[in-house]
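Novice:
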Amino acid sequence: MSKEEKLPKILIVEDDERLARLTQEYLIRNGLEVGVEPDGNRAIRRIISEQPDLVVLDVMLPGADGLTVCREVRPHYHQPILMLTARTEDMDQVLGLEMGADDYVAKPVQPRVLLARIRALLRRTDKTPEDEVAQRIEFDDLVIDNGGRSVTLNGELVDFTSAEYDLLWLLASNAGRILSREDIFERLRGIEYDGQDRSIDVRISRIRPKIGDDPENPKRIKTVRSKGYLFVKETNGL
0 MSKEEKLPKI LIVEDDERLA RLTQEYLIRN GLEVGVEPDG NRAIRRIISE QPDLVVLDVM
60 LPGADGLTVC REVRPHYHQP ILMLTARTED MDQVLGLEMG ADDYVAKPVQ PRVLLARIRA
120 LLRRTDKTPE DEVAQRIEFD DLVIDNGGRS VTLNGELVDF TSAEYDLLWL LASNAGRILS
180 REDIFERLRG IEYDGQDRSI DVRISRIRPK IGDDPENPKR IKTVRSKGYL FVKETNGL
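Counting in numbering that gives the first Met the number 0, the sequence shown runs without a single skipped number right up to 237 at its last residue.
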């Protein structure tokens with residue numbers, strides 16, 4: 000089966016049997032291959048072994064909870080993880096992002112909204128041959144290769160989640176230009192910034208040490224007060 004004919008494979012990790020079944024049926028009707036796993040410990044093994052195209056991961060699970068699942072699989076799984084949070088507090092969302100989640104949706108979620116988020120995440124990682132034109136940016140010892148979606152620092156490959164990579168590429172390909180949170184949200188998630196979402200700030204804090212930037216005194220990715228973020232072209236002498 001060709002890449003164009005292959006259905007994206009989604010794994011729903013959810014212990015609410017009725018909700019998982021209804022979500023599975025809805026996603027299948029909309030052109031996705033969908034599996035369900037209710038147990039956190041088994042989910043860790045399945046995600047690593049099956050390598051689905053995307054994981055929909057509930058926070059509250061028997062066995063390992065969703066945050067633990069996310070943390071445990073991230074070194075071995077680099078596709079998108081969409082976290083479902085039962086509460087709307089920032090802490091759930093921030094912890095999920097810090098563990099490596101790519102996006103989150105607060106429950107209860109409308110099926111159409113969930114499908115839209117899934118499709119947006121899949122579009123970011125599903126590169127057609129036309130999209131895979133080699134694009135390479137070099138900043139001192141930092142090399143970002145958009146053809147292979149890889150990042151090297153001082154010749155060493157650095158591990159990034161898909162969401163972290165997308166944000167880094169957006170900032171680096173606009174080096175020297177301040178990007179507001181509104182700009183970043185619109186271009187990466189296709190939705191308007193609500194003024195409260197902290198996902199961009201969390202990802203920036205994760206990206207900085209990975210590219211050799213001092214989180215306490217960043218020279219590569221600077222926060223411009225009341226404006227947004229600036230990727231600095233040249234750091235020598237700063």
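We put the CB at the ideal spot given by N, CA and C, even for glycine.
Bear in mind that the values here come from a model prediction, so they are computed numbers and not experimental data.
1) Could you say which of G99, P107, I210 lies nearest to T84 if we only look at CA atoms?
2) Could you check what DSSP says for F184 in three-state terms: helix, strand or coil?
3) Suppose contacts are defined by Cβ-Cβ distances below 8 angstroms. Is L10 in contact with I47 by that definition?
4) Out of V142, L66, R186, which has the shortest C-alpha to C-alpha gap to A119?
5) Among I183, L167, L178, which one has its Cα closest to the Cα of D212?
6) Is P51 buried or exposed, if buried means 16 or more other CB atoms sit within 10 Å of its CB?
7) Express the C-alpha separation of A63 and V54 in angstroms, rounding to a whole number.
8) Just how far apart, CA to CA, sit V12 and V33?
9) Going by other Cβ atoms of all chains shown within 10 Å of its Cβ, with 16 needed for buried, is L6 buried or exposed?
10) Give the DSSP bridge partners of S149, in chain order.
11) Going by C-alpha to C-alpha distance, which of S161, D139, A162 sits closest to T151?
12) For L60, which residues does DSSP report across the bridge?
13) Quick check on I183: buried or exposed, where buried means 16 or more other Cβ atoms within 10 Å of its Cβ?
14) Under the three-state reduction of DSSP, which class applies to T67: helix, strand or coil?
15) What would DSSP say about I46, mapped onto helix, strand or coil?
16) Closest by CA to R41, which one among L156, V68, Y25, R17?
17) Which of the three DSSP states is assigned to G227 in this structure?
18) Looking at C-alpha atoms only, which residue of L113, I43, A100 is the closest neighbour of T160?
19) Which two residues bound the contiguous alpha helix (DSSP H) that contains D165?
20) Based on Cα-Cα distance, which residue from V223, I43, P37 lies nearest to L60?
Specialist: Let me spell this out:
1) Within the sequence shown, numbered from 1, the residue matching residue 84 stands at position 85. Between T84 and the set G99, P107, I210, the nearest pair of CA atoms involves P107.
2) Taking the sequence shown and counting its residues from 1, one reaches residue 184 at position 185. In this structure, F184 counts as helix in the three-state DSSP scheme.
3) One-based indexing of the sequence shown puts residue 10 at position 11. One-based indexing of the sequence shown puts residue 47 at position 48. For L10 and I47, no; Cβs fall outside 8 angstroms.
4) In the sequence shown, the residue the question calls residue 119 occupies position 120. The residue with the shortest Cα to Cα distance from A119 is R186.
5) Position 213 of the sequence shown, counting from 1, holds the residue named residue 212. Ranked by Cα distance from D212, the first of I183, L167, L178 is L167.
6) One-based indexing of the sequence shown puts residue 51 at position 52. Under this definition P51 is a buried residue.
7) Looking up residue 54 in the sequence shown gives position 55. Looking up residue 63 in the sequence shown gives position 64. Distance from the CA atom of V54 to the CA atom of A63, rounded to whole angstroms, is 15 angstroms.
8) For the purposes of this step, residue 12 is identified with residue 13 of the sequence shown, where counting begins at 1. For the purposes of this step, residue 33 is identified with residue 34 of the sequence shown, where counting begins at 1. Taking the straight line joining both Cα atoms gives about 11 angstroms.
9) Position 7 of the sequence shown, counting from 1, holds the residue named residue 6. By the C-beta density criterion, L6 is exposed, having fewer than 16 other C-beta atoms within 10 angstroms.
10) Taking the first residue of the sequence shown as 1, we reach residue 149 at position 150. Its beta-bridge partners are D144.
11) Here residue 151 is taken as the residue at index 152 of the sequence shown, counted from 1. Considering only S161, D139, A162, the residue with the shortest C-alpha distance to T151 is D139.
12) Translated into the one-based positions of the sequence shown, residue 60 becomes position 61. Residue pairing by DSSP places L60 in no beta bridge whatsoever.
13) Working through the sequence shown from its first residue, we reach residue 183 at position 184. With 16 or more other Cβ atoms inside 10 Å of its own Cβ, I183 counts as buried.
14) Here residue 67 is taken as the residue at index 68 of the sequence shown, counted from 1. For T67, the secondary structure class from DSSP, reduced to helix, strand or coil, is helix.
15) Position 47 of the sequence shown, counted from the start, is the residue given in the question as residue 46. In the three-state scheme derived from DSSP, where H, G and I count as helix and E and B as strand, I46 is classed as helix.
16) In the sequence shown, residue 41 corresponds to position 42, counting from 1. Ranked by how close their Cα comes to the Cα of R41, the residues L156, V68, Y25, R17 have V68 in first place.
17) For the purposes of this step, residue 227 is taken as residue 228 along the sequence shown, with counting starting at 1. Collapsing the DSSP output to three states places G227 in a strand.
18) Along the sequence shown, one-based indexing puts residue 160 at 161. For the options L113, I43, A100, the alpha carbon positioned closest to that of T160 is the one of A100.
19) In the sequence shown, the residue the question calls residue 165 occupies position 166. Counting along the chain, D165 sits inside the alpha helix (DSSP H) bounded by residues 161 to 171.
20) Stepping through the sequence shown from its first residue, residue 60 is reached at position 61. Out of V223, I43, P37, P37 has the C-alpha closest to the C-alpha of L60.
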